[in-house]
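Just so you know, we're using UniProt numbering here: the sequence shown kicks off at 1 and counts up by one.
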Amino acid sequence: MWLGKIAKTEIVLNDYFLLLLGVYFLLGVLPQALLLFISVAWHEVCHALVAYRAGLPPKSLELFPFGGVARFSVPLAFYPLKEAWIALAGPLGSFGLALLAFIWRRLTGIEADWFSFFLQANLVLGFFNLLPGLPLDGGRLYRAWRTFQVGAGQATWEGGVLGQFWAVILGFGGLVGFFWGIIDLQSVILALFLFNLAATEKEAWPYLFWRQFWRTRYGKGEGILEEARWLAASADQPLGRIVRRFRPGKHNLVAVLDGQGKICGLVGEREILHALLEGRWAEPLEKLLR
Numbered sequence: 001m002w003l004g005k006i007a008k009t010e011i012v013l014n015d016y017f018l019l020l021l022g023v024y025f026l027l028g029v030l031p032q033a034l035l036l037f038i039s040v041a042w043h044e045v046c047h048a049l050v051a052y053r054a055g056l057p058p059k060s061l062e063l064f065p066f067g068g069v070a071r072f073s074v075p076l077a078f079y080p081l082k083e084a085w086i087a088l089a090g091p092l093g094s095f096g097l098a099l100l101a102f103i104w105r106r107l108t109g110i111e112a113d114w115f116s117f118f119l120q121a122n123l124v125l126g127f128f129n130l131l132p133g134l135p136l137d138g139g140r141l142y143r144a145w146r147t148f149q150v151g152a153g154q155a156t157w158e159g160g161v162l163g164q165f166w167a168v169i170l171g172f173g174g175l176v177g178f179f180w181g182i183i184d185l186q187s188v189i190l191a192l193f194l195f196n197l198a199a200t201e202k203e204a205w206p207y208l209f210w211r212q213f214w215r216t217r218y219g220k221g222e223g224i225l226e227e228a229r230w231l232a233a234s235a236d237q238p239l240g241r242i243v244r245r246f247r248p249g250k251h252n253l254v255a256v257l258d259g260q261g262k263i264c265g266l267v268g269e270r271e272i273l274h275a276l277l278e279g280r281w282a283e284p285l286e287k288l289l290r
């Protein structure tokens, strides 16, 4: 559901959030639903404010019950430091709102259930989003850290895998809680959404890899690079798996090993990259040996 546009950013309410608000209305807890909306919206506003400050305004913000997804015209993975600050802004904003609510309760002595819900919702939003897995904020912090070590593509793949891992844990815990009558199936549905979003993030890794690779290498012109990076792989390894180990900014060379572990040839990154551009991702490395 499209809510409107603030500056250059469109605000969208996810259908699952709408369903949750409807369920809360039917259960007679509409104030809690509105407080949840305020908490999530504030969480995303904090992201957007820091993003605008960093010169990377989001195109849209989609609000989910556990947070939101900001979409940018330029991948944040190419700006790891900025991505880290933008990602951290959301949980810090949620914790700050929870702290203000706690201080207000101590000053006024208010003990209403809806107020406790508001405080707890912000704490849950803050801590849940710090889990290290995409598309959560913790996953973006993890990607920003790993990008310096393995590049944006591999870091995105790892973050997506971690996101799916936490989704499985959440779904399993939800099923156990439902079986024992502790909670409803809401966490299971949430886990399915998180798993799907993590899979979508993970699918972006080839694009991020190629774009970063060409920007840091051949986009600056041909020439002799100062540093080479050696890899070793068995002859039957598919090219798509090998390229994940490539690092932008270094010249990647692959030593091809036979069944006895002996080097039977060398393959340069150019041959592998050209083969991948032709769609030969599953082709074994030995096919490139001359």
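For every residue, glycine included, the Cβ atom is placed at its ideal position computed from N, Cα and C. No experiment lies behind these values; they were computed from the predicted model shown.
DSSP state of residue i mapped onto helix, strand, coil
i: R71; result: strand
i: R229; result: strand
i: P284; result: strand
i: E62; result: strand
i: P180; result: Note that residue 180 is Trp in the sequence shown here, rather than Pro. Looking at W180 - three-state DSSP - the assignment turns out to be coil, as it is neither helix nor strand.
i: G151; result: coil
i: E10; result: strand
i: L130; result: coil
i: L3; result: strand
i: I263; result: strand
i: G268; result: strand
i: P57; result: coil
i: P238; result: strand
i: E222; result: Note that E222 scores a pLDDT of 48, beneath 50, so its modelled location is shaky; the value from the coordinates is reported in the next line. Correct three-state label for E222: coil.
i: G279; result: coil
i: P206; result: helix
i: L125; result: helix
i: L119; result: helix
i: L289; result: coil
i: A167; result: helix
i: residue 291; result: Residue 291 is absent from the model: the chain starts at 1 and stops at 290.
i: F246; result: coil
Burial state of residue i, where buried means 16 or more other Cβ atoms lie within 10 Å
i: L13; result: buried
i: Q149; result: exposed
i: F246; result: buried
i: G221; result: Confidence is the limiting factor: at G221 the pLDDT is only 48, short of 50, which leaves the residue's position unreliable, though a coordinate-based value still follows. It counts as exposed.
i: I224; result: Residue placement at I224 is flagged as unreliable, the pLDDT there being 49, under the threshold of 50; the coordinate-derived value follows with that caveat. I224 is exposed by the Cβ-count criterion.
i: T108; result: exposed
i: Q212; result: buried
i: L288; result: buried
i: H274; result: exposed
Cβ-Cβ distance between residue i and residue j below 8 Å
i: P135; j: A198; result: yes
i: L163; j: G133; result: One point to set straight first is that residue 163 is Gly, not Leu, in the sequence displayed. Result yes, Cβ atoms of G163 and G133 sit closer than 8 Å.
i: G68; j: H43; result: yes
i: F118; j: S39; result: yes
i: L285; j: V254; result: yes
i: H47; j: A77; result: no
i: L231; j: A121; result: no
i: V267; j: V256; result: yes
i: A250; j: R229; result: The residue asked about is misnamed: residue 250 is Lys in this sequence, not Ala. Contact flag set, yes.
i: F128; j: L63; result: no
i: A204; j: T156; result: yes
Limits of the unbroken alpha helix (DSSP H) element including residue i
i: E44; result: L30 to R53
i: V188; result: Q186 to E203
i: A101; result: P80 to T108
i: L26; result: D15 to L26
First and last residue of the uninterrupted beta strand (DSSP E) at residue i
i: V256; result: H251 to L257
Q) Is it true that the segment 200 to 216 meets the segment 176 to 188, where meeting means three or more beta-carbon pairs spaced less than 8 Å apart? A) no
Q.
Three Cβ pairs or more, each shorter than 8 Å: is that satisfied between the segment 101 to 116 and the segment 83 to 90?
A. no
Q: Could you tell me whether the segment 152 to 163 touches the segment 136 to 143, using the rule of 3 or more Cβ pairs below 8 Å?
A: yes
Q. Is the segment 14 to 23 touching the segment 47 to 56, taking contact as three or more C-beta pairs under 8 Å?
A. no
Q) Okay, do the segment 142 to 157 and the segment 77 to 87 touch, 3+ Cβ pairs below 8 Å being the bar? A) yes
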